[in-house]
Ligand code: THU
């Protein structure tokens, strides 16, 4: 039997088109990207996590000379958020990136490992997370719920 999965997202072409709350969160992510430690890839990613009590926790990619030892911005941000606010729920996450080498046209969609991590936190809180991915060019993708990002997650014992 052939099945189809639909994913839903909103697409914007400029930051100014976004709802205020999303735009403000993107600006926090952009700010955080400036603090990334990315001397190897020169690809600076910032993530801003909005918690249900309106706290915003930010994180950015942290690289290492032993490449796999580094960590993506999304995981730095959500691990930090949940480590310091263990009872909090994640309302939204904005991701922004810039490269020292070129103007990025594609929104910084998370890598597979980050999607798996984001999925687990959404399942744990049983409430969809709003995701906002913003490219330097202005192109922005917004989606509600991790199923739109990772339709077939790994589920232990599932
Ligand atoms: N990176 C992120 O921070 N998030 C992702 O989802 C993918 C990639 C970082 C890892 C590395 O420091 C740089 O971007 C280039 O891959």
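Numbering (the numbering used here), first residue to last: 93 to 250.
C-beta atoms are modelled at their ideal positions from N, C-alpha and C, and glycine is treated no differently.
Source: prediction; values computed, not measured.
Return the first residue and the last residue of the beta strand (DSSP E) that residue i is part of.
i           : result
residue 104 : 102-104
residue 142 : 135-143
residue 186 : 182-191
residue 119 : Careful: residue 119 lies outside any beta strand (DSSP E), inside the alpha helix (DSSP H) at 112-125.
residue 233 : 232-236
residue 150 : 148-152
residue 224 : 222-226
I'd like the list of long-range same chain contacts for residue i, defined as Cβ closer than 7 Å, with 5 residues on each side in sequence excluded.
i           : result
residue 190 : 125, 136, 196 and 228
residue 115 : 107
May I ask which residues mark the beginning and end of the alpha helix (DSSP H) holding residue i?
i           : result
residue 205 : 204-217
residue 168 : 165-176
With a CB to CB cut of under 6 Å and the five nearest residues on each side skipped, what residues in its chain are close to residue i?
i           : result
residue 251 : A query on residue 251 cannot be resolved here, the shown segment of the chain reaching from 93 to 250 and no further.
residue 183 : 142 and 144
residue 234 : 102 and 224
residue 159 : none
residue 220 : 236 and 237
Residues in its own chain within less than 8 Å of residue i by CB, not counting five upstream and five downstream?
i           : result
residue 157 : 132
residue 198 : 227 and 231
residue 206 : 164, 166 and 167
I want to see whether chain B comes within less than 8 Å of residue i, judged by CB atoms only; does it?
i           : result
residue 196 : Given the protein chain composition of this structure (a single chain), no chain B is represented.
Using only the heavy atoms of ligand 3, determine whether one of them is closer than 7 Å to the beta carbon of residue i.
i           : result
residue 174 : Annotation note on ligand 3: not contained in the displayed structure, which lists ligand 1 as its ligands.
List in chain order the residues whose CB is within less than 6 Å of at least one heavy atom of ligand 1. 130, 133, 135, 137, 153, 155, 162, 164, 165, 166, 202, 203 and 206
Do the stretch 201-209 and the stretch 166-173 meet, that is, are 3 or more Cβ pairs less than 8 Å apart? yes
At least three beta-carbon pairs within less than 8 Å, the stretch 107-117 to the stretch 173-181: no
For the structure I just gave you, are there three or more beta carbon pairs, one from the stretch 230-248 and one from the stretch 207-215, closer than 8 Å? yes
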